[in-house]
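According to this note's numbering, the stretch in the sequence shown is residues 16 to 368, in order. Backbone N, C-alpha and C fix where the C-beta goes; we use that ideal spot for every residue, glycine too. Predicted model, so just to flag it, every value in this text is computed and none were measured. Working notes, beginning with the structure itself.
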Amino acid sequence: MAKGVLEALPSARVLLFPMSDGGEGALECLGSGIRTLEVGAHDPLGRPMTGCYVLKSKTALIELAVCSGLTLLTALERDPLRASTFGTGELIKAALEHDIDEVLLFLGGSATVDGGSGILRALGARFLDARGQDLPEGGAALEQLHTLDLSGLDSRLERIALRLACDVNNSLLGPDGAAAVFGPQKGAGPLEVAMLERALKHFADVLEHSCGTRVHDLAGGGAAGGVAAGLYGVLGPENCTLERGAALIADAIGLSEALEHADLILTGEGQLDAQSGGGKVVSHLLEQAQKRGIPVVVVAGQVDGLLEGTLPGLHAAYSLVSSEVSLGMALLEPEKYLEQRVLEAVKNFISQR
16 MAKGVLEALP SARVLLFPMS DGGEGALECL GSGIRTLEVG AHDPLGRPMT
66 GCYVLKSKTA LIELAVCSGL TLLTALERDP LRASTFGTGE LIKAALEHDI
116 DEVLLFLGGS ATVDGGSGIL RALGARFLDA RGQDLPEGGA ALEQLHTLDL
166 SGLDSRLERI ALRLACDVNN SLLGPDGAAA VFGPQKGAGP LEVAMLERAL
216 KHFADVLEHS CGTRVHDLAG GGAAGGVAAG LYGVLGPENC TLERGAALIA
266 DAIGLSEALE HADLILTGEG QLDAQSGGGK VVSHLLEQAQ KRGIPVVVVA
316 GQVDGLLEGT LPGLHAAYSL VSSEVSLGMA LLEPEKYLEQ RVLEAVKNFI
366 SQR
């Protein structure tokens with residue numbers, strides 16, 4: 016992007032701020048002063064793998080996508096009915112071995128719709144059916160949940176704050192919920208989406224009955240296939256908070272100060288559509304830009320043609336995929352086409368000034 020800007024306007028002063036909304040790459044945006052540790056864990060389908068987390072002072076930083084991410088599975092392996100966040104729970108458990116005050120868990124890019132049940136299992140909770148037997152891993156099994164046994168839950172969770180960096184504002188249930196909106200991206204067809212919706216609804220009912228916390232309509236509760244709702248429901252507001260991942264990272268890297276002197280903000284997105292306004296990097300930047308009267312240009316892999324008016328403050332949007340550039344070409348050489356689109360965008364912006 017910087018190359019494209021400087022090709023269009025060599026005198027420009029370009030400030031680079033790698034951003035994330037809490038999905039893959041969140042830890043890479045946080046800079047120096049961090050220590051990465053590796054630990055044996057499991058992927059979304061229960062296969063052994065090596066995971067990692069980061070220690071920064073007395074905070075453990077964990078990306079859910081490291082062990083529970085969609086990128087760990089091939090397209091044919093995607094199975095949101097049984098994919099589990101257990102591996103992420105293993106990372107949290109390992110982090111608790113250190114003298115920490117808080118865990119910052121970045122939610123995003125998950126392969127799962129299990130309501131965080133896998134994480135809770137790894138931390139000692141048990142999910143039992145009507146016969147007192149442990150349920151299988153995955154979101155679909157939650158429809159058979161009868162008893163949530165928290166007697167074995169790791170007691171160290173009581174002395175730390177669990178901060179959930181959410182990449183979306185979606186609630187757990189309904190047409191904008193975890194199953195309906197994100198299930199299809201993880202491999203769920205209409206029947207599977209309906210099954211997961213019922214399972215998450217039942218899980219939410221059990222949480223309210225067992226823990227006294229209602230998560231059915233919790234803003235952000237649908238993040239990472241309902242992980243935010245499940246953890247908040249069990250740990251409660253005293254120990255668990257939901258935060259916007261993009262805002263959290265922006266604060267950590269000092270973005271606000273840099274924006275005070277900006278003439279133009281350029282950012283990106285895999286696919287720019289209505290969901291981009293629901294807690295993603297684009298939505299945070301649009302909010303910050305509107306406060307300061309700065310135009311925002313988004314260069315995305317693809318742009319939804321029905322986008323107009325859905326993202327207030329958006330000056331212009333450019334797509335890598337076009338009549339001349341196929342999706343395959345864009346995926347093969349994204350840097351090349353990103354540079355070209357940014358060059359075009361900046362030239363157009365200058366001509367309009």
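Cα separation between residue i and residue j?
i       : j       : result
Leu-143 : Thr-100 : 17 Å
Thr-65  : Lys-306 : 43 Å
Phe-32  : Gly-240 : 28 Å
Asp-232 : Arg-28  : 44 Å
Val-183 : Gly-40  : 16 Å
Glu-43  : His-217 : 37 Å
Glu-212 : Gly-237 : 11 Å
Ala-289 : Gln-148 : 42 Å
Leu-300 : Arg-178 : 22 Å
Tyr-352 : Gly-189 : 38 Å
Asp-278 : Cys-255 : 38 Å
Ala-219 : Thr-228 : 9 Å
Ala-203 : Leu-96  : 8 Å
Leu-358 : Ala-315 : 14 Å
Gly-251 : Phe-197 : 25 Å
Pro-327 : Pro-205 : 31 Å
Ala-273 : Glu-284 : 21 Å
Val-221 : Glu-92  : 30 Å
Asp-230 : Ile-264 : It should be pointed out that residue 230 corresponds to Val in this sequence rather than to Asp. Their Cα atoms are separated by approximately 25 Å.
Classify residue i as helix, strand or coil using the three-state DSSP reduction.
i       : result
Glu-339 : coil
Ala-318 : It is worth fixing the name first, because residue 318 is Val in this sequence and not Ala. The answer is strand: DSSP assigns Val-318 an E or B state.
Ile-175 : coil
Leu-326 : coil
Ser-334 : strand
Leu-31  : coil
Gly-38  : coil
Leu-60  : coil
Glu-258 : strand
Asp-114 : coil
Leu-215 : helix
Val-312 : strand
Glu-9   : An answer regarding residue 9 cannot be provided, because it is not within the stretch 16 to 368 covered by the chain.
Val-242 : helix
Ile-134 : helix
Arg-146 : coil
Gly-15  : Residue 15 is absent from the structure shown; the chain starts at 16 and stops at 368.
Thr-86  : helix
Thr-162 : strand
Leu-287 : strand
His-299 : helix
Ser-366 : helix
Thr-127 : coil
Taking the beta carbon of residue i as the centre, do at least 16 other beta carbons fall within 10 Å, making it buried, or is it exposed?
i       : result
Leu-335 : buried
Ala-98  : buried
Thr-103 : buried
Glu-53  : exposed
Gln-200 : exposed
Ser-26  : exposed
Arg-259 : buried
Ala-345 : buried
His-57  : buried
Ser-366 : exposed
Ser-291 : buried
Gly-248 : buried
Ser-35  : buried
Gly-320 : exposed
Glu-207 : buried
Gly-343 : exposed
Pro-63  : exposed
Glu-275 : exposed
Ala-243 : buried
Pro-59  : buried
Below 8 Å on the Cβ atoms is my guess for residue i versus residue j; work out the distance and round it to an integer in Å.
i       : j       : result
Thr-74  : Ile-115 : 6 Å
Val-20  : Val-313 : Between Val-313 and Val-20 the Cβ distance is about 14 Å, and since that is not below 8 Å, they are no contact.
Glu-105 : Ala-137 : 5 Å
Ile-175 : Phe-121 : Not a contact, Cβ separation roughly 16 Å.
Leu-246 : Gly-131 : 5 Å
Ala-109 : Tyr-68  : 7 Å
Leu-281 : Val-297 : Contact doesn't hold; Cβ gap of about 11 Å is too wide.
Gly-154 : Leu-215 : 7 Å
Gly-167 : Glu-152 : Not a contact, Cβ separation roughly 17 Å.
Ala-234 : Ser-186 : 6 Å
Provide the residue(s) that pair with residue i in DSSP beta bridges, ordered along the chain.
i       : result
Lys-18  : DSSP output for Lys-18 lists no bridge partner at all.
Lys-71  : Thr-74
Leu-412 : What is shown of the chain runs 16 to 368, which leaves residue 412 out entirely.
Phe-121 : Glu-78, Ala-180
Leu-281 : Val-312
Gly-66  : Val-54
Within the present structure, is the beta-carbon of residue i separated from the nearest heavy atom of the ligand MN by less than 7 Å?
i       : result
Gln-367 : Ligands in the displayed structure: none, and consequently the ligand MN is not present.
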